[in-house]
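The block underneath contains the structure these notes are about, expressed in structure tokens.
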Amino acid sequence: PESYGVSYSASFPTQKDEWLEHTFMPENFNPVFRGRLVLGAPILDFRQVSRLGFLLADKNPGNFTLLVAKVYQ
């Protein structure tokens, strides 16, 4: 598999049965590689983003739905 190097991660809260709106700025994202913070990496530049993914990181199995209304820069 191809390695993509540094990724940028931002966490956000969820609430069962409630629609939440989140707005993210570049400074909300932390540079990570294999789950570890990368020191000295540049702030995320949204113009260079080519992939977007979501990860349920609490390792708590169960029903989960994520609806994304829009993504824009």
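Quick note: to get this note's numbering, add 32 to the position in the sequence shown (first position is 1). The beta carbon of each residue, even a glycine, is placed where N, CA and C say it ideally should be. If you're wondering where the values come from, they're calculated on a predicted model, not measured in any experiment.
C-alpha distance - residue i paired with residue j, whole-angstrom precision
i, j, result
"F96", "G72", "35 Å"
"L76", "E50", "29 Å"
"P74", "A101", "28 Å"
"L99", "E53", "11 Å"
"G37", "L87", "17 Å"
"P45", "T55", "12 Å"
"S69", "P63", "A small correction: the amino acid at residue 69 is Leu; Ser does not occupy that position in the sequence shown. Each residue's Cα considered, the two are about 6 Å apart."
"K91", "Q80", "30 Å"
Residue(s) in a DSSP beta bridge with residue i
i, result
"Y40", "P63"
"R68", "F65"
Residue of the options minimising C-alpha distance to residue i
i, options, result
"S39", "R66, P93, L98", "R66"
"G85", "V103, Q47, E59", "V103"
Beta-carbon proximity of residue i to residue j, cut-off 7 Å
i, j, result
"Q61", "A42", "The sequence shown places Phe at residue 61, not Gln. Yes, the pair counts as a contact, with Cβ atoms nearer than the cut-off."
Closer than 7 Å to chain B by CB, residue i
i, result
"R83", "The structure shown contains no chain B; it is built from a single protein chain."
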